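Sequential numbering of the sequence shown, starting at 259, is according to this note's numbering.
Ideal placement from N, C-alpha and C gives every residue a C-beta, glycine not left out.
Note that the coordinates shown come from a computational prediction; the quantities given were computed from them, not determined experimentally.
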Amino acid sequence: MSRAALIPLLAASLALSLSLPAAWAGPGHDHGDAPPAPSAKGPQRQSDGSVFVPKPAQRQMSLRTQVGEVQALPRAFTLNGKVLMDPNAGGKVQAMQAGRLEAGPRGLPSLGQRVRKGELLAYVQPASDSLERAAQAAQLAELRANHSLAEKRLARLKELADSVPRREIEALESELASLSARMAAVGGGLSGREALLAPASGEIAAAHAVAGQVLDARELVFEIVDPARLQVEALAFDPALAADVSGAHVSVGGSALPLRLVGAARALREQALPLLFQLEGPGLAGLDKLALGQPLQVVVQTQSQVQGVALPAAALQKNPANQPIVWVKHSAERYEPRVVTVQPLDGARVAVTQGLAAGERVVVQGAVLLNQIR
Numbered sequence: 259m260s261r262a263a264l265i266p267l268l269a270a271s272l273a274l275s276l277s278l279p280a281a282w283a284g285p286g287h288d289h290g291d292a293p294p295a296p297s298a299k300g301p302q303r304q305s306d307g308s309v310f311v312p313k314p315a316q317r318q319m320s321l322r323t324q325v326g327e328v329q330a331l332p333r334a335f336t337l338n339g340k341v342l343m344d345p346n347a348g349g350k351v352q353a354m355q356a357g358r359l360e361a362g363p364r365g366l367p368s369l370g371q372r373v374r375k376g377e378l379l380a381y382v383q384p385a386s387d388s389l390e391r392a393a394q395a396a397q398l399a400e401l402r403a404n405h406s407l408a409e410k411r412l413a414r415l416k417e418l419a420d421s422v423p424r425r426e427i428e429a430l431e432s433e434l435a436s437l438s439a440r441m442a443a444v445g446g447g448l449s450g451r452e453a454l455l456a457p458a459s460g461e462i463a464a465a466h467a468v469a470g471q472v473l474d475a476r477e478l479v480f481e482i483v484d485p486a487r488l489q490v491e492a493l494a495f496d497p498a499l500a501a502d503v504s505g506a507h508v509s510v511g512g513s514a515l516p517l518r519l520v521g522a523a524r525a526l527r528e529q530a531l532p533l534l535f536q537l538e539g540p541g542l543a544g545l546d547k548l549a550l551g552q553p554l555q556v557v558v559q560t561q562s563q564v565q566g567v568a569l570p571a572a573a574l575q576k577n578p579a580n581q582p583i584v585w586v587k588h589s590a591e592r593y594e595p596r597v598v599t600v601q602p603l604d605g606a607r608v609a610v611t612q613g614l615a616a617g618e619r620v621v622v623q624g625a626v627l628l629n630q631i632r
């Protein structure tokens with residue numbers, strides 16, 4: 259075909275293409291001009307149980323790891339315990355007799371108030387029936403009358419001192435002194451009040467006092483404790499454990515407070531042997547978080563040792579089968595769960611005895627967030 263014949267044919271095909279509607283690519287089809295889909299994914303649980311966590315997500319979750327180091331750790335046991343007061347640094351204020359409670363010069367002390375040893379806390383007005391008070395009043399009146407007569411007799415004898423033997427004057431002076439003492443005793447019984455004094459310096463831990471309250475004998479009014487000198491009692495069901503204790507700790511507010519063994523009882527209580535510990539060392543700063551009678555978990559360390567990896571208690575998690583696990587960093591963005599065998603160490607840490615090898619990186623912060631990824 260000649261060039262002159264092709265020109266009209268090309269013009270016709272160009273006009274036909276301009277008259278047709280524009281064609282669009284279907285879903286999933288393009289011509290290479292669309293931007294590529296992002297390849298980064300969020301945290302996901304893999305089919306083998308491991309977790310894929312991109313670097314940005316790791317920073318958001320504040321993940322921290324620790325290299326596991328196998329070392330000799332003390333074998334430990336967990337005992338149930340409770341907080342007690344030091345008997346030499348606290349005490350109880352009780353009424354010796356029945357009566358009505360009256361406030362002291364500074365009013366009734368409140369909870370948490372600091373008091374000093376010997377400080378007056380309150381008064382107890384003794385309670386007595388009308389017949390008893392009437393008998394005491396009659397006895398006091400009789401003593402006063404005898405005292406008045408003895409004073410007059412003594413005055414007359416002193417005027418006749420030259421003719422009266424000296425022993426009669428001395429006997430009358432002694433009788434007069436006896437009557438004065440008896441009058442003071444009976445008068446004090448009628449109008450005297452029992453003073454309730456603080457037996458030790460410390461803080462008011464318990465107060466059962468209201469002005470005008472009627473008390474029975476030996477009823478507890480106040481309890482005083484020194485918060486810097488508290489004790490912990492733990493119950494051991496193995497009596498041989500008392501001779502094998504090398505140290506103890508108690509967990510308070512996420513930190514481990516050291517304990518010193520004071521002694522062990524020689525008699526069982528409900529088939530258990532009480533062990534007494536004293537809080538000491540740098541852990542004294544956490545004593546303000548403890549209260550008398552508060553139940554605690556005491557971790558007792560023995561002299562025997564076991565090979566394991568020491569990890570913070572926050573690194574330990576549970577899998578769907580309720581087995582203890584830790585998360586091990588397998589690669590830069592992949593973490594895998596590891597079933598382990600653990601035992602307590604000091605309240606804030608645990609000892610992993612099986613399931614970890616030396617040099618593996620274990621997640622010690624943010625493990626609970628990894629455990630929730632699905």
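Comparing alpha-carbon positions, the option among 441, 472 and 375 lying closest to residue 400 turns out to be 441. In this structure the region 577-587 lies against the region 621-631, because at least three pairs of beta carbons, one per stretch, are closer than 8 angstroms. Around the beta carbon of residue 330, a 10 Å sphere encloses fewer than 16 other beta carbons of the protein chains shown; the residue is thus reported as exposed. The beta carbon of residue 580 is closer than 7 angstroms to none in its chain, skipping five residues each way along the sequence. Residue 349 holds the alpha-carbon nearest to the alpha-carbon of residue 373 among 349, 357, 359 and 385. For the region 426-465, the full-length beta strand (DSSP E) segments reaching 3 residues or more read 452-455 and 460-465 along the chain. Put simply, the region 315-335 does not touch the region 522-537. Fewer than three CB pairs are less than 8 angstroms apart.
If you look at residue 318, you'll find it in the alpha helix (DSSP H) that goes 313-318.
Taking a cut-off of 8 angstroms for Cβ pairs, the region 304-313 and the region 416-423 do not touch, as fewer than three such pairs fall below it. Three or more beta-carbon pairs separated by less than 8 angstroms are not found between the region 487-501 and the region 356-375, which leaves the two stretches without contact.
Where residue 571 is concerned, there is no enclosing beta strand (DSSP E), because DSSP gives it neither an H nor an E. It is roughly 5 angstroms from the alpha-carbon of residue 340 to the alpha-carbon of residue 552. Around the beta carbon of residue 612, fewer than 16 other beta carbons lie within 10 angstroms, which makes this residue exposed. Taking a contact to require three or more Cβ pairs closer than 8 angstroms, the region 551-571 and the region 495-515 qualify as touching.
Going by DSSP, residue 577 is part of no alpha helix (DSSP H) at all; its letter is neither H nor E. In this structure, residue 596 lies away from residue 569, with their beta-carbon atoms at least 9 angstroms apart.
For residue 302, same chain residues with a beta-carbon under 6 angstroms away, outside a window of 5 residues either side, are 310 in chain order.
Taking the Cβ atoms as the reference, residue 463 lies roughly 6 angstroms from residue 550, within the contact range of under 8 angstroms. DSSP places residue 601 in the strand class (E or B) of the three-state scheme.
DSSP places residue 359 in the uninterrupted beta strand (DSSP E) bounded by 357-361.
485 is the residue among 485, 439 and 620 whose C-alpha sits nearest the C-alpha of residue 461. With at least 16 other beta carbons inside 10 angstroms of its own, residue 624 counts as buried. When C-alpha distances from residue 621 are compared across 589, 508 and 380, the shortest belongs to 589.
In the DSSP assignment, residue 626 falls outside any beta strand (DSSP E) and within the unbroken alpha helix (DSSP H) covering 625-629. Considering only 438, 456, 452 and 367, the residue with the shortest C-alpha distance to residue 466 is 367. DSSP links residue 340 through a beta bridge to 491 and 553. Pairing residue 548 with residue 510 gives a Cβ-Cβ distance under 9 angstroms. DSSP links residue 558 through a beta bridge to 335 and 506. In this chain, the beta strand (DSSP E) harbouring residue 348 covers 348-352.
Here residue 364 is exposed. Its C-beta has fewer than 16 other C-beta atoms within 10 Å. Here the C-alpha atom of residue 299 lies approximately 11 angstroms from the C-alpha atom of residue 591. Here the alpha carbons of residue 576 and residue 360 stand approximately 58 angstroms from one another. Under DSSP, residue 398 shares a beta bridge with no residue. The beta-bridge partner set that DSSP reports for residue 323 consists of 621.
Counting every other CB atom within 10 Å of its CB across the protein chains shown gives residue 474 a total below 16, marking it as exposed. Across the set 332, 430, 522 and 304, the C-alpha of 332 shows the shortest separation from the C-alpha of residue 562.
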